[in-house]
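> Dropping the structure in here first, questions after.
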Amino acid sequence: MPLFRFKARDKTGKLHEGELDAATRDAVATRIIDDRMTPVSIEAIEESVASMNIDLSRFFPDKKVSLDDIVLFCRQMHALTRSGIPIMRAVFGLAETSKNEVMEEILKDVGHSLGRGNTLSQSLKQHEHQFSPLFISMVHVGESTGKLDDAFSQLVRHLEMERDTKKKVASALRYPSLVITSIFAAVMVVNIFVIPSFSKVFAKFGADLPLATTILLNTSNFFLQYWWLILGVVFGSIIFLVKYIKTEKGEYQWDKIKLRLPLVGDLLNRIALSRFTRTFAMLFSAGVPILNALEVSSEAIGNKYIEFAVKEMRAGIERGDSLARTANASGMFTPLILQMITVGEESGAVDKLLEDVSDFYDQETEYDVQNLSAAIEPIMLVFMGGLVLVLALGIFLPLWDLGAAAR
0 MPLFRFKARD KTGKLHEGEL DAATRDAVAT RIIDDRMTPV SIEAIEESVA SMNIDLSRFF
60 PDKKVSLDDI VLFCRQMHAL TRSGIPIMRA VFGLAETSKN EVMEEILKDV GHSLGRGNTL
120 SQSLKQHEHQ FSPLFISMVH VGESTGKLDD AFSQLVRHLE MERDTKKKVA SALRYPSLVI
180 TSIFAAVMVV NIFVIPSFSK VFAKFGADLP LATTILLNTS NFFLQYWWLI LGVVFGSIIF
240 LVKYIKTEKG EYQWDKIKLR LPLVGDLLNR IALSRFTRTF AMLFSAGVPI LNALEVSSEA
300 IGNKYIEFAV KEMRAGIERG DSLARTANAS GMFTPLILQM ITVGEESGAV DKLLEDVSDF
360 YDQETEYDVQ NLSAAIEPIM LVFMGGLVLV LALGIFLPLW DLGAAAR
């Protein structure tokens, strides 16, 4: 990212100088104005090819703050703000005690931004690659309503639920992934080392190999002769898919496909809907306007396909349609959610009913995650049985025929 050198004056007329990483000069000016200073000059720093000061950090991705660190930060801020400790003092105190270097640097920068007169949400927004739009919006709502401690308390519950769900899904998929990897490793070892030895033995006796062994031997020869081509195709395909998924269109298509996968598609859909309903209810109950609540909650879903449909609801609401009607037109929500939204609009308790829906889906998700391994086991057994059958026929049939070949 380009580096710019700037000069700016604060409200007292004091001149400040420094350097900022940004995409354009306008982005630098925006950040300076957000810090409540007036830009005087902004100049791009030209990078010299012969310069010995090479910034190696640009070749490596920025370190991310873990979800556990953010949860701990929310817990600490909830306790400190509830005790009446000034925010800037609390932030600097947490920076000194943080064990994560990245989090320490972020909190120090947030503290300096608070010292320049910015709010906490404005200071956190300067690090929006670490803090989600939901996080920043909830902090802003807490500042506006004077209930910052409640905002951090709600964020703790939300983030802990997200963390627990991710851990449960990863735990359920760990065993099937290990089994599949082990099976493919065993197949590769048999094809490369075991089957060719049978070929040499049978060649000495002038006998023909069994059909199953011949198939495995041809496969083995193909791997041995064209391993470079196979690796090139595999790694090339992976690189292409990863880059494509990182594009806006690719991410949209991939998230759409994930919702249609067998076994896990319905689970991912329920997790996404639970995120939306809980986030929207949390923002709506905090007094966030419905259009802003839809915008922020859509970004917290974690699925671009559903996010696009939720953002399309804004147009219907701007035309004067009800939330229930626009939700029904999107085609993304289950009848349970649509009924709750309809009843909630009639009774004025949309946030309460959507929280109930989110609790229901969380219970369903927990049940499905616990039974995910049990649902995968029959498929794994059939798959493993087929591979074991092929390997057994390819290895033991030559042994049975070896005696006849020798005679």
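Taking numbering that gives the first Met the number 0, the leading residue of the sequence shown gets 0, the next gets one more, and so forth. C-beta: ideal position from N, C-alpha, C; glycine also.
Measure the beta-carbon distance from D34 to N117 and round it to whole angstroms, keeping in mind my assumption that it falls under 8 Å.
Yes, they are in contact, since the Cβ atoms of D34 and N117 sit about 7 Å apart, within 8 Å.
> Please classify D358 as buried or exposed, where buried requires at least 16 neighbouring CB atoms within 10 angstroms.
D358 should be labelled exposed.
> Quick one: what does DSSP say K242 is sitting in, helix, strand or coil?
The answer is helix: DSSP assigns K242 an H, G or I state.
> What number of angstroms, rounded off, separates the C-alpha of V387 from the C-alpha of L172?
If I take the Cα positions, the gap works out to 22 Å.
> For the beta strand (DSSP E) containing L2, name the first residue and the last one.
Taken as a continuous stretch (DSSP letters only), the beta strand (DSSP E) holding L2 covers 2–8.
> So, for L371: in the same chain, excluding its five sequence neighbours on each side, which residues have a beta-carbon less than 6 Å away from its beta-carbon?
Cβ within range, chain order: A171.
> From I69 to Q125, what distance separates their C-alpha atoms?
Each residue's Cα considered, the two are about 16 Å apart.
> Give me the DSSP bridge partner(s) of T37.
Looking at the DSSP assignment, T37 forms a beta bridge with R8.
> With distances taken from CA atoms, which of G315, C73, D67 is nearest A89?
For the residues G315, C73, D67, the minimum Cα distance to A89 belongs to C73.
> In three-state terms, what does DSSP make of L14?
L14: strand per DSSP, three-state reduction.
> Report all residues from its chain with a CB closer than 8 Å to the CB of N190; omit the five preceding and five following residues, and keep chain order.
Around N190: L215, T218, S219, F222.
> Compute the distance between the beta-carbons of M76 and F151, then report whether it is under 7 Å.
Contact: yes.
> Which whole runs of the beta strand (DSSP E) in the region 167–241 are 3 residues long or more, in chain order?
Entirely contained in the region 167–241, not one beta strand (DSSP E) run reaches 3 residues.
> Which one of N99, M87, E142, V140 has the shortest CA to CA distance from R115?
When each option's Cα is compared against that of R115, the closest is M87.
> If you check the beta carbons only, do L123 and I135 fall under 7 Å apart?
Going by C-beta atoms, L123 is nearer than 7 Å to I135.
> So V389 packs on A211, CB below 8 Å; how close in whole Å?
7 Å between Cβ atoms; contact.
> L322 to N302, Cα distance in whole Å?
When rounded, the distance between both Cα atoms is 21 Å.
> Per the contact definition of three or more C-beta pairs closer than 8 Å, is the region 302–319 in contact with the region 248–267?
Enough Cβ pairs lie closer than 8 Å, so yes.
> Taking just the CA atoms, how far does P288 sit from T144?
If I take the Cα positions, the gap works out to 14 Å.
> Do the region 360–370 and the region 294–301 touch if we need at least three Cβ pairs shorter than 8 Å?
Counting Cβ pairs under 8 Å, fewer than three are found: no touch.
> Straight-line CA distance for S176 to I237?
Distance between the alpha carbons of S176 and I237 is about 18 Å.
> Look at K6 and V39 and say whether their C-beta atoms are less than 7 Å apart.
Closer than 7 Å, so yes.
> Quick check on the DSSP output: the alpha helix (DSSP H) that includes S296 runs from which residue to which?
First-last of the alpha helix (DSSP H) with S296: 289–298.
> Have a look at A185 and F192 and give me their C-alpha separation to the nearest angstrom.
A185 and F192: Cα-Cα distance of roughly 11 Å.
> Which of the three DSSP states, helix, strand or coil, is assigned to E250?
Residue state, collapsed to three classes: helix.
> Specify the secondary structure class of L272 as computed by DSSP and reduced to three states.
Of the three classes helix, strand and coil, the one that applies to L272 here is helix, per DSSP.
> Find the nearest neighbour of G12 within the set A28, V27, L2, T37, judged by alpha-carbon distance.
For G12, the nearest C-alpha among the options comes from T37.
> Using a Cβ-Cβ cutoff of less than 7 Å, which residues in the same chain neighbour E311 once the five nearest sequence positions on both sides are dropped?
Correct list, in chain order: S329.
> Drop a sphere of 10 angstroms on the beta-carbon of V233, count the other beta-carbons inside from all chains shown, and report buried for 16 or more, exposed for fewer.
Its Cβ having fewer than 16 others within 10 Å, V233 is exposed.
> R162 and L71 - do their beta-carbons sit closer together than 7 Å?
No. Outside cutoff.
> Between the C-alpha atoms of E16 and R318, what's the straight-line distance to the nearest angstrom?
Going by the C-alpha atoms only, they are around 48 Å apart.
> Output yes or no for whether 7 Å exceeds the beta carbon distance between L396 and P209.
Yes, the Cβ-Cβ distance between L396 and P209 is below 7 Å.
> I'd like the span of the alpha helix (DSSP H) that includes F359, first residue to last.
That run of the alpha helix (DSSP H) goes 349–369.
> Go through its chain and collect everything with a Cβ distance to L240's Cβ below 6 Å, but skip five positions before and after it.
Excluding positions up to five away in sequence, the list is empty.
> Per DSSP, which one or two residues make a beta bridge with E42?
According to DSSP, E42 bridges with R4.
> Using the Cα positions of I179 and M379, report the straight-line distance between them to the nearest angstrom.
I179 and M379: Cα-Cα distance of roughly 8 Å.
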